[in-house]
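Okay, structure first, notes after.
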Amino acid sequence: MKHSPELQAALDAASEAASIACSLYQRNIEVRLKADKSPVTEADIRCETAIRAILEARFPDYGFVGEETASRGMESENLWLVDPIDGTKAFVREYPMFSTQIALMRRGEIILGVSSAPAYGEVAFAERGCGAYLNGQLLAVSKIADLESAALSAGNLKSLAGGARWGRYGELVARVGRIRGYGDFLHYHLLAAGKIDAVVESDVNILDIAACVAIVSEAGGLFTDLGGAPITLKSKSVLATNGCLHTAVLAALA
697 MKHSPELQAA LDAASEAASI ACSLYQRNIE VRLKADKSPV TEADIRCETA IRAILEARFP
757 DYGFVGEETA SRGMESENLW LVDPIDGTKA FVREYPMFST QIALMRRGEI ILGVSSAPAY
817 GEVAFAERGC GAYLNGQLLA VSKIADLESA ALSAGNLKSL AGGARWGRYG ELVARVGRIR
877 GYGDFLHYHL LAAGKIDAVV ESDVNILDIA ACVAIVSEAG GLFTDLGGAP ITLKSKSVLA
937 TNGCLHTAVL AALA
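Residue numbers (this note's numbering): 697 to 950.
Here it is, written out as structure tokens:
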């Protein structure tokens with residue numbers, strides 16, 4: 697399968713980050729707290745440094761937004777969005793629910809994404825117009841169209857619990873066929889593969905989800921915020937579905 701130079705760069709950068717992350721995983725490395733009280737480790741910083749070096753060497757005119765290093769070129773037509781270890785708390789607690797997320801936004805639209813979870817054994821990627829793949833297999837969302845048969849996964853529910861949608865979310869949970877909380881990269885991989893049908897998340901950062909926007913969309917799904925608006929750099933919530941269920945879930949949460 698031939699990839700564009702941009703997608704190949706993202707895949708190469710994710711592979712380098714995977715090697716670094718795996719070399720430090722389950723090694724009891726030091727954890728520091730950032731100003732926002734979120735944890736950061738040597739793995740986060742080394743992975744982002746390696747990713748940035750590869751992407752900037754191949755595309756020096758592109759902007760870069762990362763979780764751990766200074767952003768540059770925010771007004772660029774092309775903007776890399778990188779979370780070197782999405783799920784640092786999982787990494788620290790030594791369970792495999794962490795990943796590297798790399799996406800490219802062009803003129804405000806996400807056009808490709810790589811979601812690499814080396815300890816879990818999955819690499820998903822997508823590029824606009826070229827489909828989405830997981831470990832080399834073409835992905836497609838499910839065709840389930842009724843809530844009563846749907847499998848819903850949710851993440852970051854703490855902020856949702858304190859907001860106006862909490863009661864409506866409870867009603868939605870009572871309606872769907874199955875409820876799970878896979879979280880992080882995993883429920884987006886499952887959604888794109890047709891194994892679950894909808895994902896609800898609150899309190900997200902664009903760096904956490906940008907790659908998965910590309911993957912779910914190219915697999916045939918829909919990806920918006922909880923109000924139904926397109927995903928932007930400022931988005932803070934997610935509704936991702938197989939497309940068939942999107943209107944029904946939006947209405948249920950309205």
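Ideal placement from N, C-alpha and C gives every residue a C-beta, glycine not left out. Bear in mind the structure is a predicted one, so any value in this text is a computation, not a measurement.
Backbone secondary structure at residue i - three-state DSSP
| i | result |
| --- | --- |
| G759 | strand |
| A910 | helix |
| R723 | coil |
| D782 | strand |
| S711 | helix |
| V735 | According to the sequence provided, residue 735 is Pro. The question's Val does not apply to it. Strand, per DSSP. |
| P926 | strand |
| V788 | helix |
| I875 | strand |
| A705 | helix |
Residue i: first and last residue of the uninterrupted alpha helix (DSSP H) it sits in
| i | result |
| --- | --- |
| Q955 | Residue 955 falls outside the range modelled here, since the chain spans only 697 to 950, and no answer is possible. |
| A944 | H942 to L949 |
| A888 | D880 to A888 |
Beta-carbon contacts of residue i that lie in its chain and below 7 Å, excluding the five residues immediately before and after
| i | result |
| --- | --- |
| W862 | L856 |
| A907 | Q797, I798, A799, G809, V810 and S811 |
Cβ shell of residue i (< 6 Å), same chain only, five flanking positions each side left out
| i | result |
| --- | --- |
| N938 | V837, S838, D893 and G917 |
| E914 | A822, G827 and A828 |
| D899 | N852 and S855 |
| L848 | V872, I875 and A894 |
Extent of the continuous beta strand (DSSP E) run through residue i
| i | result |
| --- | --- |
| Y829 | A828 to L830 |
| L935 | S933 to T937 |
| E773 | Looking at the DSSP string, E773 is not in any beta strand (DSSP E), and its letter there is neither H nor E. |
Buried or exposed (CB count within 10 angstroms, at least 16 for buried), residue i
| i | result |
| --- | --- |
| V810 | buried |
| S845 | exposed |
| V869 | exposed |
| A731 | exposed |
| D757 | exposed |
| C743 | buried |
| A860 | exposed |
Same chain only: Cβ atoms within 8 Å of residue i, ignoring 5 sequence neighbours per side
| i | result |
| --- | --- |
| A705 | I750, L751, R754 and F755 |
| R864 | A948, L949 and A950 |
| T737 | L720, I725, E726, V727, R728, I781, T784, F787 and V788 |
>> Which complete beta strand (DSSP E) runs does the segment 807-872 hold, if anything under 3 residues is left out?
In response: Within the segment 807-872, the complete beta strand (DSSP E) runs of at least 3 residues are 818-823, 828-830 and 847-851.
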